[in-house]
């Protein structure tokens, strides 16, 4: 029988929330899945491991191998049935993973099986990968991350843009993701609206951040700045973006990086994805002091994080520009308008200006992502696992101070090193509480 939340969201008649027994029986009836797991189904180990905000996630292992199985729930798991959510997000995630795997092979998990009626996807089990955010909390350095994440962003954003696609092909792709508006609405509210007003689900490290939260709710200049970013998010269909590209949506080892959970995917501004990565690295930097076992024990890690922030932007920009110079088959900037050496020079100047604008977008979205993770509903374990609440608030206050400056003075940040310089200068700033 459907719950009221399921009925409101048009849940398919065949949908049911699976427990471990149901999942075992279901997977046993799919030859491709059963063959990959191996052995009799009754001997498979099945463990529900989902620690995210939205879905069930199971790890299934047999004698021959394992799978990760994700099932969408008809509501937000973090909140419960009082916040219904369409199961169609599983369709968009499957669509995005398929698209991203074509553009960035080996950088997303391979899909083994998808069941639309159950809003369920079985995919490659990533082992010994861990969620990157957990590794950053532990102070782990990932030497291959920059190359992989910049390749992923450059290829998925460039090849889904007007620079690579015909206008018709791009419009068709926009249409295929246009129905994912319920997930977009979460972003529109939780990132661009709620932290700047009184909202029931907001929370922060009280009482130390009470004054800062109140100041942000009263800061009309900040409200204008975040509203401009929200308008860009609403109206600027530049490319297919992941939509939730944070360090909790990236799994890593020392040599591999996989981007997961693109259920928020839609056509939006490129800077949103880039800013999300930068924001989460900067939050890991500011949180680091709260995880120190002894003073200075994480200095090398913190230096690596800031160097990574620099390299993520520069690596992305270099790869994106290289694709534009060699793979520009789209309807934007037709080559016939830029003939000869003079045309090539003028077009290169325009490319640099385009990237400068994209950088400004990324800076603004970086700020927005930091503020929402400290004053809004869904927080990061980077800060949340700092046991001393006052120390946590100090780390968060530093991040908020940077974010506020990035958002209000975006034009003054003309290169990525100006961002990391500002972060470094705030590392030992002491808030007045």
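Numbering (the numbering used here), first residue to last: 1069 to 1501. Idealized CB from N, CA, C, for every residue including glycine. Everything numeric in this text was worked out from a predicted model, so none of it was measured.
Cβ of residue i within 7 Å of Cβ of residue j?
i	j	result
residue 1201	residue 1316	yes
residue 1343	residue 1218	no
residue 1356	residue 1370	yes
residue 1280	residue 1460	no
residue 1431	residue 1473	no
residue 1330	residue 1136	no
residue 1206	residue 1350	no
residue 1190	residue 1180	yes
residue 1228	residue 1307	yes
residue 1429	residue 1339	yes
residue 1445	residue 1269	yes
residue 1373	residue 1396	no
residue 1092	residue 1109	yes
residue 1132	residue 1097	no
residue 1210	residue 1320	yes
residue 1334	residue 1451	no
With a threshold of 6 Å, establish whether the CB of residue i neighbours any heavy atom of the ligand GDP.
i	result
residue 1132	Judged by which ligands are present, the structure shown has none, so any question about the ligand GDP falls away.
Name, in chain order, the residues that DSSP records as bridge partners for residue i.
i	result
residue 1144	1148
residue 1319	1199, 1326
residue 1113	1129
residue 1181	1190
residue 1334	1309
residue 1103	For residue 1103, which the question treats as bridged, DSSP gives no partner whatsoever.
residue 1137	1126, 1190
Among the options, which has the Cα closest to the Cα of residue i?
i	options	result
residue 1068	1213, 1135, 1172	Residue 1068 falls outside the range modelled here, since the chain spans only 1069 to 1501, and no answer is possible.
residue 1017	1391, 1299, 1372	Residue 1017 falls outside the range modelled here, since the chain spans only 1069 to 1501, and no answer is possible.
residue 1500	1462, 1483, 1429	1462
residue 1294	1167, 1314, 1341, 1265	1265
residue 1302	1269, 1350, 1336, 1167	1336
residue 1125	1352, 1425, 1108, 1088	1088
residue 1111	1267, 1097, 1129	1129
residue 1423	1484, 1453, 1333	1484
residue 1258	1447, 1162, 1492	1447
residue 1376	1438, 1085, 1216	1216
residue 1420	1366, 1393, 1197	1393
residue 1453	1209, 1241, 1172, 1203	1203
residue 1427	1482, 1471, 1145	1482
residue 1282	1147, 1443, 1256	1443
residue 1162	1094, 1174, 1081, 1140	1140
By Cβ distance, which residues of its chain are closer than 8 Å to residue i, with the 5 residues on each side in sequence left out?
i	result
residue 1250	1153, 1154, 1156, 1157
residue 1247	1156, 1160
residue 1418	1401
residue 1476	1289, 1290, 1293
Considering only residues of the same chain and omitting the five flanking positions on each side of residue i, which have a CB-CB separation below 7 Å?
i	result
residue 1222	1384, 1387, 1388, 1391
residue 1412	1406
residue 1127	1115, 1117, 1134, 1136, 1193
residue 1276	1458, 1461, 1501
residue 1440	1258, 1259, 1263
residue 1345	1217, 1313, 1380
If you drop the 5 nearest sequence neighbours on each side, which residues of the same chain put their C-beta closer than 6 Å to that of residue i?
i	result
residue 1077	The pLDDT assigned to residue 1077 is 48, lower than 50, so where the model puts this residue is not dependable, and the model offers no usable value.
residue 1169	1176
residue 1073	Residue confidence for residue 1073 is low, a pLDDT of 44 falling below 50, so the modelled location carries little weight; the figure read from the coordinates is stated next. Excluding residues within five positions, the ones whose Cβ falls inside 6 Å are 1142, 1143, 1149, 1152.
residue 1348	1314, 1315
residue 1075	Model confidence at residue 1075 stands at a pLDDT of 43, short of 50, so the residue's coordinates are unreliable and nothing is read from them.
residue 1318	1200, 1327
residue 1119	none
Counting contacts by CB-CB distance shorter than 7 Å, is residue i in contact with chain C?
i	result
residue 1406	Any reference to chain C falls outside this structure, which holds one protein chain only.
For a minimum of 4 consecutive residues, which ranges assigned as the alpha helix (DSSP H) are wholly contained in the stretch 1412–1479? 1449–1452, 1457–1476
I'd like the ranges of any alpha helix (DSSP H) spanning at least 4 consecutive residues and lying wholly in the stretch 1334–1386. 1338–1355
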